[in-house]
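To start, the structure under review is shown below, and the notes come after it.
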Ligand code: AMP
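Residue numbers (the working numbering): 94 to 375.
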């Protein structure tokens, strides 16, 4: 596995791979790799000849009071995991490589970014779309692998790809969870044991609503109250939002008649966690 930090060296590698007509699968991450990230790598390995994994804790997508400085950076462990999975190139640029002095062009989405996480994390998706656009320009992948864990991010990147006619196939990959249902996240490392035990209730609330949906309940307000009521009994959970949105346009439907996402964000202690389930009428 090659580790590349320099943007020009990376572009050279990509040009060589393209000259050999190798298909490229790309998995962008912020590192602190876990089985969720590795499931994306596995999917890339099964579809593309070359798999590129980027590790970049993108300063632009963190707010001033967020966890950019504390964000875990266990780089040697990431290298070992990426190697084990057969990643071809681990691209780890520095912030200066990605945003050299004078960088002044950004991608600012104006619709899907106004709801869910976007209303609480101002500027977050501007940071996400800008860095993903840049990474796509550098990597020129055939396939882009993203987790459904970050559902709004996935939908917004799909939309950016449509808006800018980018020549890449976006593959949304299922959420990897612990046996007890907790969605894997690099931020779970912040949780103390008792917080981790209660964080499981986030997915439990979503699963409860999904079960009601699978049994025939289609009313958004009923489905939302099932999940909300479940969470109310856990005082360590501070719910930021719990919402049901159409998958395609993020409008809030009264009834689930087409694919929807039931998504939440909550603080457990100081740690902000997100999770979601898809509701898909048959
Ligand atoms: P991050 O490093 O948190 O920015 O995540 C990098 C990519 O991994 C994103 O596309 C995430 O949606 C995806 N991802 C993170 N956690 C999971 C998970 N538990 N299951 C599947 N994909 C995930």
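Heads up, the beta-carbon is just placed ideally off N, CA and C, and yes, glycines get one too.
Fair warning: this is a prediction, and the values are worked out from it, not measured in the lab.
**Item:** Per DSSP, the bridge partner or partners of residue 336
**Value:** Residue pairing by DSSP places residue 336 opposite 356 in a beta bridge.
**heavy atom of ligand 1 below 8 Å from residue 185 C-beta** = No; taking the cut-off as 8 Å, the Cβ of residue 185 has no heavy atom of ligand 1 nearer than that.
**Asked** Quick check: the segment 217-230 against the segment 242-261, are there 3 or more CB pairs under 8 Å?
**Response** Taking a cut-off of 8 Å on C-beta distances, the segment 217-230 touches the segment 242-261, as three or more cross pairs fall below it.
**Request:** Could you check the C-alpha separation between residue 201 and residue 239 for me, to the nearest Å?
**Result:** In this structure, the alpha-carbon of residue 201 lies about 20 Å from that of residue 239.
**Cβ pair residue 117, residue 142 closer than 9 Å** = In this structure, residue 142 lies closer than 9 Å to residue 117 by Cβ.
**Prompt:** Name the DSSP bridge partner or partners of residue 364?
**Reply:** The partner list for residue 364 (beta bridge, DSSP) reads 361.
**Environment of residue 124 [buried if 16+ CB atoms lie within 10 Å]** = Label assigned to residue 124: buried.
**Request:** For residue 113, name the three-state secondary structure that DSSP assigns.
**Result:** Residue state, collapsed to three classes: coil.
**Request:** Could you tell me which residues DSSP puts in a beta bridge with residue 121?
**Result:** Residue pairing by DSSP places residue 121 opposite 147 in a beta bridge.
**Request:** Inspect the CB distances between the segment 304-314 and the segment 157-172 and report whether three or more fall short of 8 Å.
**Result:** These segments do not touch.
**Asked** Would you say residue 130 touches ligand 1, meaning its beta carbon is less than 8 Å from a heavy atom?
**Response** Checking every heavy atom of ligand 1 against the Cβ of residue 130, one is found closer than 8 Å.
**Message:** Taking the alpha carbon of residue 329 as the reference point, which residue from 341, 287 and 273 has its own alpha carbon closest?
**Reply:** Considering only alpha carbons, the answer is 287.
**Prompt:** Are the beta-carbon atoms of residue 355 and residue 332 separated by less than 9 Å?
**Reply:** Taking 9 Å as the Cβ cut-off, residue 355 and residue 332 do not qualify as a contacting pair.
**Request:** Pick out the complete beta strand (DSSP E) segments inside the segment 161-230, 3 residues or longer, and give them in chain order.
**Result:** Counting only runs of 3 or more, we get 182-184.
**Asked** Can you tell me where the alpha helix (DSSP H) with residue 245 in it begins and where it stops?
**Response** Where residue 245 is concerned, the enclosing alpha helix (DSSP H) starts and stops at 244-256.
**Asked** Comparing alpha-carbon positions, which option in 350, 267 and 134 lies nearest residue 182?
**Response** Residue 134 is the option with its Cα nearest to residue 182.
**Asked** Would you say residue 257 and residue 291 are within 9 Å of each other, going by their C-beta atoms?
**Response** The answer is no: Cβ separation not under 9 Å.
**Request:** Assign residue 313 to one of two classes, buried (16 or more other C-beta atoms within 10 Å of its C-beta) or exposed (fewer than that).
**Result:** So residue 313 counts as buried.
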